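Notes to accompany the following structure.
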Ligand SMILES: [Ca+2]
Ligand SMILES: [Ca+2]
Ligand SMILES: [Zn+2]
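Numbering (our numbering), first residue to last: 2 to 435.
As structure tokens, then:
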């Protein structure tokens with residue numbers, strides 16, 4: 002595998018005797034190799050899951066359905082620079098939404114060669130509005146850490162254990178929220194010698210619940226991004242040793258692509274290596290932060306055309322300003338993953354509710370026998386009680402300004418009331434059954 006050109010520069014700058022040429026822009030591929038070293042067979046398992054997702058769209062995937070993925074961003078910071086403001090996080094979510102719904106303005110820059118393969122994934126990302134306990138949330142956690150950097154020389158040997166500490170509260174990071182229900186994104190510092198050792202990595206959809214007990218430790222599910230590479234309005238400049246890099250939020254777009262099953266467009270090898278996607282043109286190598294539209298390094302036959310290298314593709318390493326597209330084959334794969342390995346993320350997911358401050362109240366709370374919901378202005382179209390496991394327990398269509406529900410038969414515990422307005426917005430309130 003070829004490495005980024007800038008890495009030897011880092012090595013010479015710091016005049017260290019060690020080879021850090023294994024460090025690169027995205028380490029999702031290396032993360033799979035690391036997991037393979039811990040649990041032999043993992044790579045074959047990932048390939049198997051990839052093929053399951055790839056076959057999916059031929060049978061039942063509905064291409065027009067908009068999927069909504071609840072997101073939690075864990076900001077883990079040692080300095081205030083690393084404690085990115087909400088505005089940067091909001092902008093990153095906006096970029097994900099543009100890129101994954103093909104609403105990004107720079108699609109006009111895509112060469113006409115790729116009209117035959119382009120498409121919209123039709124995936125929406127939403128900062129979670131309730132946490133795993135059902136409490137209202139911003140979908141952002143902030144953790145001050147004494148860990149100056151989660152990058153570590155162990156990375157050079159392909160050891161991710163220090164990086165993975167960002168996903169563990171006990172190790173100076175933050176524990177994930179339910180990984181079946183939330184896309185967890187950690188933003189932190191991963192520098193070695195004051196230079197970002199990588200910009201991000203992601204776990205592949207691997208169907209880990211089916212793994213035999215004891216096969217963990219593993220790469221914990223989610224995406225990790227270097228803090229300067231996050232958001233398109235980040236006041237921190239990004240420099241990996243060759244001068245400032247223009248940041249548009251596409252590192253996260255790229256890593257979420259891995260999280261949803263995609264591989265690098267050049268297949269992490271020469272022209273004989275493939276990314277497993279039929280309509281992405283093969284390439285002999287990654288682009289290196291450049292936008293060289295003269296390259297056609299491998300001969301393809303995609304719908305009777307030999308396409309040039311697709312520097313427009315988010316799964317290349319081209320500069321962020323020339324990335325603007327996924328192909329239909331990549332889209333089908335990602336949507337296949339959302340219908341298989343990551344099914345719970347986008348189907349009946351209690352974490353994806355949108356909370357609206359409706360003029361309603363519930364009482365008494367805690368409750369033993371009868372729970373009332375009152376409406377001050379207008380009447381909800383529906384009121385539903387859910388268990389914390391997402392199971393629907395009661396459903397009502399209120400006809401007056403106070404709805405009384407009999408909860409005598411319900412077990413003691415915490416429940417959620419979903420109050421849906423006529424406009425379709427759902428507010429969520431929590432109560433305790435004694
Ligand atoms: Ca391909
Ligand atoms: Ca070609
Ligand atoms: Zn990558």
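Beta carbons are placed, not taken as given, at the ideal position from N, Cα and C, and that holds for glycine.
Since this is a predicted model, take the numbers as computed values, not measurements.
- In the three-state DSSP reduction, residue 84 falls in the coil class, being neither helix nor strand.
- DSSP places residue 54 in no beta strand (DSSP E) but in the uninterrupted alpha helix (DSSP H) bounded by 43–57.
- Setting aside the 5 residues that flank it on each side, residue 94 is surrounded in the same chain by 72, 126, 128, each with a C-beta closer than 7 Å to its C-beta; the list follows chain order.
- Between residue 150 and residue 173, the CB-CB gap reaches or exceeds 8 Å.
- In this chain, residue 296 is not harboured by any alpha helix (DSSP H), its DSSP state being neither H nor E.
- Its Cα nearest to that of residue 183, the residue 131 stands out among 131, 277, 401.
- In this chain, the alpha helix (DSSP H) harbouring residue 253 covers 251–260.
- Ranking 263, 292, 307 by CA distance to the CA of residue 283 puts 307 first.
- Beta-bridge pairing by DSSP links residue 407 to 371.
- In the DSSP assignment, the residues bridged to residue 239 are 246.
- Counting other Cβ atoms within 10 Å of its Cβ, residue 333 reaches 16 or more and is therefore classed as buried.
- As the crow flies, the alpha-carbon of residue 387 is around 5 Å from that of residue 393.
- In the three-state reduction of the DSSP assignment, residue 184 falls in the strand class, which pools E and B.
- Not one heavy atom of ligand 3 sits closer than 7 Å to the Cβ of residue 65.
- As DSSP reads the structure, residue 130 sits in no beta bridge.
- Ligand 2 has no heavy atom closer than 7 Å to the beta-carbon of residue 41.
- Proximity to residue 188 across 80, 303, 403 peaks at 80, based on C-alpha coordinates.
- Between residue 409 and residue 171, the alpha-carbon positions lie close to 40 Å from each other.
- The C-alpha of residue 169 is placed about 5 Å away from the C-alpha of residue 176.
- Taking the Cβ of residue 326 as the reference point, every heavy atom of ligand 3 lies at 7 Å or farther away.
- One residue after another in chain order, those with a Cβ under 6 Å from a heavy atom of ligand 1 are 275, 276, 278, 281, 283.
- Under the criterion of beta carbons closer than 8 Å, residue 122 and residue 327 qualify as touching, at roughly 6 Å.
- If you check the CB distance, residue 276 and residue 259 do not come in under 8 Å.
- Residue 159 is positioned such that its CB atom lies closer than 8 Å to that of residue 35.
- In this structure, 385 is the residue among 193, 403, 416, 385 with its C-alpha nearest to the C-alpha of residue 427.
- Under DSSP, residue 144 forms a beta bridge with 77.
- Per the C-alpha coordinates, the member of 162, 379, 338, 294 positioned closest to residue 113 is 294.
- Beta-bridge analysis with DSSP links residue 376 to 361.
- Per DSSP, residue 163 is one residue of the alpha helix (DSSP H) stretching across 162–165.
- Residue 180 and residue 69 have their C-alpha atoms roughly 15 Å apart.
- Nearest Cα to residue 263 within the set 367, 38, 411, 52: 52.
- Remark: C-beta atoms of residue 120 and residue 329 approach each other more closely than 8 Å.
- Annotation for residue 385: the continuous beta strand (DSSP E) segment containing it runs 383–388.
- Where residue 344 is concerned, the enclosing alpha helix (DSSP H) starts and stops at 344–347.
- By the C-beta density criterion, residue 106 is exposed, having fewer than 16 other C-beta atoms within 10 angstroms.
- In the structure shown, residue 323 adopts helical secondary structure according to DSSP, grouped into three states.
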